[in-house]
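What follows is a short report on a single structure.
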Amino acid sequence: MSEVSNTIEFELVSPERLLKSEPVEMVVVPGAEGDIGVLPGHSLLIAAVRPGVIDIHEGGQVRESIFVAGGFAEVSPERCTVLAEEAMLVTDIEKEAAEERLQDAKAALAKADSEEDGDTVAKAGAEKELKTAEAMVAAASAE
25 MSEVSNTIEF ELVSPERLLK SEPVEMVVVP GAEGDIGVLP GHSLLIAAVR PGVIDIHEGG
85 QVRESIFVAG GFAEVSPERC TVLAEEAMLV TDIEKEAAEE RLQDAKAALA KADSEEDGDT
145 VAKAGAEKEL KTAEAMVAAA SAE
């Protein structure tokens with residue numbers, strides 16, 4: 025039986041570029057059904073990622089926190105790859121801009137709710153943006 029490494033390769037990819045590619049001790053991903061802690065040797069998994077914060081752990085502590093606006097995660101025993109719709113370091117989030125985004129999302133949802141033709145695509149997009157903005161404000165507030 026082969027020896028299991030004490031790190032797992034973590035990759036974070038946004039539509040624009042590869043944001044992270046490094047060995048980590050543990051990464052915690054905000055899965056759609058709950059947080060997913062990934063350690064070396066993890067079983068195979070593909071999961072939706074909800075808006076929230078990815079925490080990279082080292083030495084039993086969070087070394088880095090990255091906000092993601094959703095996406096997908098693929099996990100194997102050697103690697104965790106997150107394909108994120110949008111990503112940024114939590115320390116780079118400007119709280120005022122995040123709160124403004126939240127207000128805009130609430131306004132867009134209110135507008136979509138009030139439209140008579142019932143555009144379900146617009147409403148779904150507004151609801152998704154609201155969840156993303158709420159998670160971004162929460163991440164900025166926790167910093």
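Everything in the sequence shown is counted per the numbering used here, starting at 25 for the first residue and increasing by one. Note that the Cβ used here is the ideal one computed from N, Cα and C, for glycine as well.
Cβ-Cβ distance between residue i and residue j below 8 Å
{"i": "Gly55", "j": "Pro75", "result": "no"}
{"i": "Ala108", "j": "Leu36", "result": "yes"}
{"i": "Val77", "j": "Ser89", "result": "yes"}
{"i": "Ala136", "j": "Ala159", "result": "no"}
{"i": "Val92", "j": "Val106", "result": "yes"}
{"i": "Asn30", "j": "Glu49", "result": "yes"}
{"i": "Lys130", "j": "Leu154", "result": "yes"}
{"i": "Ala122", "j": "Val161", "result": "yes"}
{"i": "Arg125", "j": "Ala157", "result": "yes"}
Coarse secondary structure for residue i, derived from DSSP in three states
{"i": "Thr105", "result": "strand"}
{"i": "Ala56", "result": "coil"}
{"i": "Met25", "result": "Caution applies to Met25, whose pLDDT of 43 falls short of 50 and renders its modelled position unreliable; the model cannot decide the point."}
{"i": "Asp143", "result": "coil"}
{"i": "Glu118", "result": "coil"}
{"i": "Ser165", "result": "helix"}
{"i": "Lys155", "result": "helix"}
{"i": "Ser138", "result": "helix"}
Strand pairing of residue i, partner residues [DSSP]
{"i": "Pro47", "result": "Glu33"}
{"i": "Ala111", "result": "Val92"}
{"i": "Leu42", "result": "Val37"}
Distance between beta carbons of residue j and residue i, contact taken as under 8 Å
{"i": "Val73", "j": "Gly61", "result": "Actually they do not touch by this definition, with Cβ atoms about 14 Å apart."}
{"i": "Phe34", "j": "Ile80", "result": "7 Å"}
{"i": "Ser38", "j": "Ala111", "result": "5 Å"}
{"i": "Ala163", "j": "Ile117", "result": "6 Å"}
{"i": "Ile32", "j": "Glu102", "result": "6 Å"}
Any chance you could list the beta strand (DSSP E) runs of at least 3 consecutive residues sitting entirely within the segment 58–98, in chain order?
58–62, 69–73, 76–82, 85–92
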